[in-house]
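K.L.:
Quick one: structure below, then a few questions.
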Amino acid sequence: MGEFEVHRVRFFGLVPAGVRCLAYQPRGGRLALGRTDGAVEVYNFAANYFQEKVIPGHEARSVEALCWVTGDRLFGAGLGGEISEYDLSRLCVSHSVDGGGGPIWSMAANSSGTQLAIGCEDGSVKLFQVVPGGIQFERNLDRRKGRILCLSWHPSDTHIAAGSIDILRVFDVSSGQTIQRIMVNYHVHKVKRECIVWSIAFLSSGTVVTSDSFGRVQFWDWERGTLLESHTVSTSAVLSLSVSEEEDSIVVGTSTGATYQFQLLPVKMGSLEKRWVRTKPFQHHTHDVRAVAHSSTALISGGLDAQLVIRPLMEKIQKKSYEAALRKFTFPHRRLVSCARKARLLLFQFSQHLELWRLGSTDETGKDGEVLPLRRMPEHLVQLKSKGPEHIYCSCISPCGSWVAYSTASRFHLYRVQYEGDSVSVKKVPKVPKLLLPACQLQFCADSNSLFVAAAQGSVHVLQLLEPGGCTHLHTLQPPSGCPEAVYLLAVSTDGHWLAAVSGDWAIHIYNLKSFKHHCTVPTYNCAVTAIAIHPITNNLVIAYSDQQLFEFNIPEKQYTAWSRTVQNQGLHKVWLERDSPITHITFNPKNPSHILLHDTYMFCVLDKSLPLPDNSALLMNQSTLKQLPETARQRQLHAFKICKKFQPLLFADLLDENCLVMVERPIMDFKTQLPLPIQQKKFGT
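Number 372 in full-length UniProt numbering belongs to position 372 of the sequence shown; there are no gaps in the numbering.
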């Protein structure tokens, strides 16, 4: 693997926002997730649960509910009182409509995806019709006092159940009248506090399922208004609830961080009578589980601890596959850190500001594993605050450290940074070109003379940077056949000759930067691209896909390399392919042209192309484990993959020079100490 001096960075103070709501789309195998900062993410289950789309948040736009409707359209609503439709191609809000009832607490789509119902602060339930290009207000249902906290349509689309404080109501959709009113505390004596109905589900059998602030999951006969079953699952609130498509399984989330599964099971073997039984408790979260969803093969939960947990139902999985692994996602599958190699600077991206840091330095040398004393401590140089309510989409610093760029939904900013001794001055570049925003990715060229701005419809803008501080628009690169999706990954060659761009349809286009012409398209592979990089010497494009496959494409010759064909013929190690975290960054070591350096959240790997690929009988071991083996055993384990798992969770890794690495970690407990205290539970023996 070779020896590197490693800058171990733990001062990136990222605190991911908590999960507020989830919406699973069974037909497309996609999960939409809304966070407490207003951001919306889309995970593709077929692409190994890759986070394929991110729409950053907005200070004035909360997301309390998300809904998929006909035509793979996604709507969101929140306490701002607006219903927004998201443009999943351009990665922004396409348009918004005022709900007309104050803050919106809940939203649900009917089974055909043609109508939306919203529950408002003023106690009204409003119906909107989904039409091409937006939604239209249809009518109000019977209004009563008390905010509508949750909604659910009957599968026949004839009735809507709505939960409020101390009460649930059933509406007839055609007449708009309340036809049933049930007091959820009727069976509890001497109640001194309100009972909040946090979540509701309307089953095809006519049963209404509620979860409430008393820690109960209750089953109601809506026609008779009677309680069928009641299960107390927690001493605190049950905040969320979701039902499987077959209506034989329910998952609920509580404010203690626990999730529970209920299953509809026969009372005894062979009996036709069935009852709901609490079968499986899980404790994957530390804070409130505000959102749950139920896919055909997994229970999905999202908590205020920022974790998305996908827990497989093994009885539903026919064979071992990606679906069989328990997955926990805390950090984004995209880059939030960029590095100025020559200047030894790091740029950290937060939701509404950027931080520029200078790395520490040492004069000492030592043995493998030693911690060296610093001659100069890491230094926080600059904080750039983004004005306005929009959150930052992407950011980048030039290799020389003299330019910083970032983009929000409607604005692109470029700054000139100058260093004089220990002082730093930042000057905003005036009159930047008007571009097709939002920019989804930014990339400087190796000589810091050009900036590439990835935008909508597959386009990439090329800006020339001017001294002492200015820029001009040179060209806009576009794929020859057109593309509806935004570009989300860029890679530029060190010699400034080639640019690779990946769009949301997973197509990889190569452009010649000398002629500004489209050079070729990489052969289509039916999986999401997670990282790309161009080798500084060979100009080969290395591609990592979400199914953990690796390809190497020769750009000048427009074909895969011999090594890439060997990889596909022989296959990668099964342990490598079973990893559930995508490769997020690729770089190279000019001293060893055969080395490819790549990392995901849990490992850093040096892939040596000069060594043979391991077969499935070989052990894909961590380097620290390998060092403990005798020399003869180590030689038997000699293969291309050199893996290090010392640095976790790893948000960024890059090569500063041929002997020096920087590793940016964000330990889970570091940011969890900044979250509100969870509900403390009494544990036996304490």
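Note that beta-carbon positions come from the ideal geometry of N, C-alpha and C, so glycine has one too.
1) Just list the residues that DSSP pairs residue 253 with in beta bridges.
2) Anyone know if the C-beta pair for residue 450 and residue 441 falls short of 8 Å?
3) How about residue 596 and residue 613: are their beta carbons less than 8 Å apart?
4) Consult DSSP for residue 87 and reduce its assignment to one of helix, strand or coil.
5) How is the alpha helix (DSSP H) around residue 567 delimited, first residue to last?
6) If you draw a straight line from the alpha carbon of residue 571 to that of residue 109, how long is it in whole angstroms?
7) With the cut-off set at 8 Å, would you say residue 153 and residue 182 are in Cβ contact?
8) Candidates 254, 317 and 57: which alpha carbon is nearest residue 409's?
9) Would residue 674 be called buried (16 or more neighbouring beta carbons within 10 Å of its own) or exposed?
10) At which residue ranges does the region 32-101 contain complete beta strand (DSSP E) runs of 3 or more residues, listed in the order of the chain?
11) Please confirm if the region 253-266 is in contact with the region 654-661, defined as three or more CB-CB distances below 8 Å between the two stretches.
12) Tell me which residue opens and which closes the beta strand (DSSP E) that residue 19 is part of.
13) Helix, strand or coil for residue 575 per DSSP?
14) Under a three-way DSSP split, which group does residue 412 fall into?
15) Just grab the DSSP bridge partners of residue 289 for me.
16) Counting along the chain, where does the beta strand (DSSP E) carrying residue 688 start and finish?
17) Is the beta carbon of residue 678 closer than 8 Å to that of residue 215?
18) Does DSSP classify residue 172 as helix, strand or coil?
19) Nearest to residue 102 by CA position, among 86, 84, 93 and 123, is which residue?
20) Roughly how many whole angstroms lie between the Cα atoms of residue 507 and residue 524?
21) Using CA atoms only, rank isn't needed, just tell me which of 352, 493, 150 and 96 is closest to residue 555.
22) In chain order, what are the residue ranges of uninterrupted beta strand (DSSP E) at least 3 long that sit wholly in the region 346-420?
23) Which residue wins for smallest C-alpha separation from residue 517, given the options 533, 548, 421 and 474?
24) I need the DSSP call for residue 553, collapsed to helix, strand or coil.
25) Relative to the C-alpha of residue 92, which candidate in 199, 350 and 75 has its C-alpha closest?
26) Give the DSSP-derived three-state secondary structure of residue 686 in the structure shown.
27) Throw me the rounded Cβ distance for the residue 362 and residue 378 pair, which I believe falls under 8 Å.
28) What three-state label does DSSP hand residue 12 in the structure shown?
29) Quick check: the region 421-429 against the region 36-48, are there 3 or more CB pairs under 8 Å?
30) Buried or exposed for residue 659, going by 16 or more other Cβ atoms inside 10 Å?
P.N.:
Well, looking at it:
1) Your numbering for residue 253 matches position 253 in the sequence shown. DSSP lists 240 and 259 as partners of residue 253.
2) Locating residue 450 in the sequence shown gives position 450, counting from the first residue. Locating residue 441 in the sequence shown gives position 441, counting from the first residue. Between residue 450 and residue 441, the C-beta spacing is not below 8 Å.
3) Here residue 596 refers to the residue found at position 596 of the sequence shown. Here residue 613 refers to the residue found at position 613 of the sequence shown. No, the pair does not count as a contact, with Cβ atoms beyond the cut-off.
4) On the sequence shown, position 87 is the one that residue 87 refers to. Three-state result, residue 87: strand.
5) Taking the first residue of the sequence shown as 1, we reach residue 567 at position 567. That run of the alpha helix (DSSP H) goes 562-570.
6) Residue numbering aside, residue 571 sits at position 571 when the sequence shown is read from its first letter. Residue numbering aside, residue 109 sits at position 109 when the sequence shown is read from its first letter. Counting only the Cα atoms, residue 109 lies some 44 Å from residue 571.
7) Translated into positions along the sequence shown, residue 153 becomes position 153. Translated into positions along the sequence shown, residue 182 becomes position 182. Against a cut-off of 8 Å, the Cβ pair of residue 182 and residue 153 comes out as no contact.
8) Numbered from its first residue, the sequence shown carries residue 409 at position 409. Residue 57 holds the alpha-carbon nearest to the alpha-carbon of residue 409 among 254, 317 and 57.
9) Your numbering for residue 674 matches position 674 in the sequence shown. Exposed: under 16 other Cβ atoms inside 10 Å.
10) Complete beta strand (DSSP E) runs here, min 3: 40-44, 50-55, 65-69, 73-77, 82-87 and 92-98.
11) With the cut-off at 8 Å, the region 253-266 and the region 654-661 do not touch.
12) The residue given as residue 19 occupies position 19 in the sequence shown. Start and end: 19-25.
13) The residue labelled residue 575 in the question sits at position 575 within the sequence shown. Helix.
14) Here the question's residue 412 lines up with position 412 in the sequence shown. The answer is strand: DSSP assigns residue 412 an E or B state.
15) Taking the sequence shown and counting its residues from 1, the one referred to as residue 289 is at position 289. DSSP, once it has assigned bridges, lists 303 as partnering residue 289.
16) As displayed, the chain neither begins before 1 nor continues past 686, which places residue 688 out of reach and without an answer.
17) Here residue 215 refers to the residue found at position 215 of the sequence shown. Here residue 678 refers to the residue found at position 678 of the sequence shown. No.
18) Locating residue 172 in the sequence shown gives position 172, counting from the first residue. DSSP places residue 172 in strand when its eight states are reduced to three.
19) Sequence index remark: in the sequence shown, residue 102 carries index 102 (1-based). Checking every option, the nearest Cα to that of residue 102 belongs to 123.
20) As a working mapping, residue 507 is identified with position 507 in the sequence shown. As a working mapping, residue 524 is identified with position 524 in the sequence shown. Residue 507 and residue 524: Cα-Cα distance of roughly 7 Å.
21) Reading the sequence shown from its first residue, position 555 is the one you call residue 555. For residue 555, the closest of 352, 493, 150 and 96 by C-alpha to C-alpha distance is 493.
22) Listed in chain order, the beta strand (DSSP E) elements of length 3 or more contained wholly in the region 346-420 are 353-358, 379-385, 394-397, 403-407 and 412-420.
23) Here the question's residue 517 lines up with position 517 in the sequence shown. Ranking 533, 548, 421 and 474 by Cα distance to residue 517 puts 474 first.
24) On the sequence shown, position 553 is the one that residue 553 refers to. Under the three-state reduction of DSSP output, residue 553 falls in the strand class.
25) Counting from 1 along the sequence shown, the entry for residue 92 is found at position 92. Answer by Cα proximity: 75.
26) The sequence position of residue 686 within the sequence shown is 686, counting from 1. At residue 686 the pLDDT is 48, less than 50, meaning the model places this residue with poor confidence and gives no usable figure here.
27) Along the sequence shown, one-based indexing puts residue 362 at 362. Along the sequence shown, one-based indexing puts residue 378 at 378. In fact, because the Cβ distance is near 12 Å, the residues do not count as touching under 8 Å.
28) The residue you call residue 12 lines up with position 12 of the sequence shown. Here residue 12 sits in coil by DSSP.
29) In this structure the region 421-429 does not lie against the region 36-48, because fewer than three pairs of beta carbons, one per stretch, are closer than 8 Å.
30) Working through the sequence shown from its first residue, we reach residue 659 at position 659. So residue 659 counts as exposed.
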